[in-house]
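Numbering (our numbering), first residue to last: 80 to 432.
C-beta: ideal position from N, C-alpha, C; glycine also.
Read the structure below first, then the notes.
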Amino acid sequence: MAASHGPGSRVTQAEVARAAGVSVGAVSQVLNDNPTSRISEEVRERILAAASALGYRPNMVARTLRTSESRTYGFVSDTVTITRFASGILRGALDAAHESGYLLLIAETAGDAARETEAVQALLDRGVDGIVFTAVKSRYSGTLGMGLSVPCVNVNIADADAPSILPDELAGGRLAVRALAEAGHRHGIALVGHDFRSDIDTGIALTGRRRLDGIAAEMASVGIDFLDQQACGDWQTDEGYAAAHRMISNRGVTALLCLNDRLAFGAYQALAEAGLRIPDDVSVMSFDDEELAASLRPGLTTVAIPHETMGALAIEMLRTPGPAESDVLVPMSLHERVSVTAPAPHRAGATPH
80 MAASHGPGSR
90 VTQAEVARAA
100 GVSVGAVSQV
110 LNDNPTSRIS
120 EEVRERILAA
130 ASALGYRPNM
140 VARTLRTSES
150 RTYGFVSDTV
160 TITRFASGIL
170 RGALDAAHES
180 GYLLLIAETA
190 GDAARETEAV
200 QALLDRGVDG
210 IVFTAVKSRY
220 SGTLGMGLSV
230 PCVNVNIADA
240 DAPSILPDEL
250 AGGRLAVRAL
260 AEAGHRHGIA
270 LVGHDFRSDI
280 DTGIALTGRR
290 RLDGIAAEMA
300 SVGIDFLDQQ
310 ACGDWQTDEG
320 YAAAHRMISN
330 RGVTALLCLN
340 DRLAFGAYQA
350 LAEAGLRIPD
360 DVSVMSFDDE
370 ELAASLRPGL
380 TTVAIPHETM
390 GALAIEMLRT
400 PGPAESDVLV
410 PMSLHERVSV
420 TAPAPHRAGA
430 TPH
């Protein structure tokens with residue numbers, strides 16, 4: 080009969096031994112997976128069945144002292160609660176950690192350097208076996224992993240003293256332009272979010288800059304130019320609305336290439352107010368694949384950031400640490416919905432203003 084245990088109490092190996100009718104030593108060898116054990120398979124199965132029936136859980140503190148492994152990882156982010164980017168990376172890391180038998184301890188720093196230092200020290204004090212650092216807005220950092228006693232992996236952070244995982248934004252930018260060109264948009268693409276003709280740096284993040292580089296490279300490769308370009312400081316919805324509103328007065332515009340989904344959400348509003356249909360009158364292409372993108376009517380075609388893949392890869396790299404190398408680039412994918420189609424003849428043939 081199983082022992083009665085209240086909430087929070089722990090089943091001991093002695094209780095498992097009594098239930099299985101074996102010695103405590105035999106239980107210890109099986110539950111600690113001793114590679115030199117000579118326990119028969121029949122006895123081993125009996126011990127495991129008894130441990131499962133009693134709800135036995137290993138004492139992780141004792142295990143850490145014995146093996147120098149806590150089977151826990153730290154996850155340090157500037158934001159983990161309000162953006163799909165942060166929550167997607169966290170979800171991927173949590174699932175991968177669980178599948179590997181690890182617990183993830185999560186710390187949010189709000190971008191404050193002092194809080195980040197405190198969080199790292201608290202995680203180290205708890206004996207974590209490694210730390211994932213991540214940021215919502217991609218950035219460079221040369222300090223996060225320096226001098227730490229455990230392996231570290233950076234997600235969306237580059238140039239640090241540890242391996243860095245980033246979305247392949249250069250290829251993603253090329254992918255978006257290629258999709259528009261293949262749909263027939265060669266003379267009427269307007270760029271929402273940046274103006275290549277201006278030298279003004281609006282504080283575009285690291286990956287955003289690579290996205291722009293990919294766009295520029297593919298435009299040159301297919302031999303087309305933008306019909307219009309509008310810079311937007313923070314790539315927010317209201318800026319997308321204002322930029323698109325200015326652009327669509329040009330009847331030669333057949334497609335809006337928005338640098339992120341928030342800009343595209345604003346563009347949707349401007350097009351609707353102008354009585355223009357997506358994609359019949361104007362196509363819309365975007366980046367990021369935020370949750371709302373699939374819920375829009377019509378659904379937004381966008382190049383997706385592989386959030387969960389990046390988080391899972393970070394855990395895999397902690398489990399098999401190696402020397403810090405160049406950035407690990409994770410492919411982005413085109414999520415085709417219905418916001419892109421061939422140019423409308425009545426707009427493609429229009430004379431630009």
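If I measure Cβ to Cβ from residue i and keep anything under 7 Å in the same chain, skipping five residues before and after, which residues do I get?
| i | result |
| --- | --- |
| alanine 93 | Val103 |
| threonine 146 | With a pLDDT of 48 at threonine 146, under the threshold of 50, the modelled position of that residue is not reliable, and no figure is offered here. |
| arginine 288 | none |
| leucine 249 | Arg289, Asp292, Gly293 |
| glycine 354 | none |
Around the C-beta of residue i, are 16 or more other C-beta atoms found within 10 angstroms, so that it is buried, or is it exposed?
| i | result |
| --- | --- |
| valine 140 | Reliability of the predicted coordinates at valine 140 is poor, the pLDDT of 49 falling under 50, and the value obtained from them is presented with this limitation in mind. Classification of valine 140: exposed, given that the 10 Å Cβ count is below 16. |
| histidine 264 | buried |
| glutamine 362 | Note on identity: in this sequence residue 362 is serine, with glutamine being the wrong assignment. Buried. |
| glycine 209 | buried |
| valine 109 | buried |
| arginine 290 | buried |
| aspartate 307 | buried |
| aspartate 157 | buried |
| glycine 251 | buried |
| serine 149 | buried |
| alanine 193 | exposed |
| asparagine 113 | exposed |
| leucine 202 | buried |
| histidine 177 | exposed |
| threonine 333 | buried |
| serine 228 | exposed |
| glutamine 200 | exposed |
In this structure, does DSSP put residue i in helix, strand or coil?
| i | result |
| --- | --- |
| histidine 386 | helix |
| methionine 298 | helix |
| glutamine 45 | With the chain running from 80 to 432 in the structure shown, residue 45 is simply not present. |
| tyrosine 152 | strand |
| alanine 421 | coil |
| aspartate 208 | coil |
| leucine 173 | helix |
| valine 103 | helix |
| threonine 196 | helix |
| valine 332 | coil |
| leucine 133 | helix |
| serine 116 | coil |
| leucine 355 | coil |
| valine 215 | strand |
| leucine 397 | helix |
| leucine 350 | helix |
| leucine 306 | coil |
| valine 407 | strand |
| valine 232 | strand |
Go through its chain and collect everything with a Cβ distance to residue i's Cβ below 6 Å, but skip five positions before and after it.
| i | result |
| --- | --- |
| serine 365 | Cys337, Asp340, Ala343, Leu379, Thr381 |
| alanine 255 | Met364, Val382 |
| aspartate 367 | Asn339, Asp340, Ile384 |
| threonine 213 | Ser156, Ile168, Val234, Asn235 |
Among all the DSSP beta bridges, which residues are the ones paired with residue i?
| i | result |
| --- | --- |
| glutamine 108 | Glutamine 108 pairs with nothing; no bridge assigned. |
| glutamate 187 | Ser156 |
| serine 374 | According to DSSP, serine 374 bridges with nothing at all. |
| histidine 414 | Thr381 |
| methionine 326 | Methionine 326 pairs with nothing; no bridge assigned. |
| phenylalanine 366 | Val382 |
| leucine 182 | Thr151 |
Near residue i, what residues of its chain come up, given a Cβ to Cβ distance below 8 Å and the 5 sequence neighbours on each side ignored?
| i | result |
| --- | --- |
| valine 407 | Pro242, Ser243, Ile244, Leu245, Leu392, Met396 |
Does at least one heavy atom of the ligand COA sit under 7 Å from the Cβ of residue i?
| i | result |
| --- | --- |
| alanine 258 | The ligand COA is absent from the structure shown, which contains no ligands of any kind. |
Open item on the list: I'd like the ranges of any beta strand (DSSP E) spanning at least 3 consecutive residues and lying wholly in the segment 234-290.
Closed with: The segment 234-290 contains these whole beta strand (DSSP E) runs: 243-246, 268-272.
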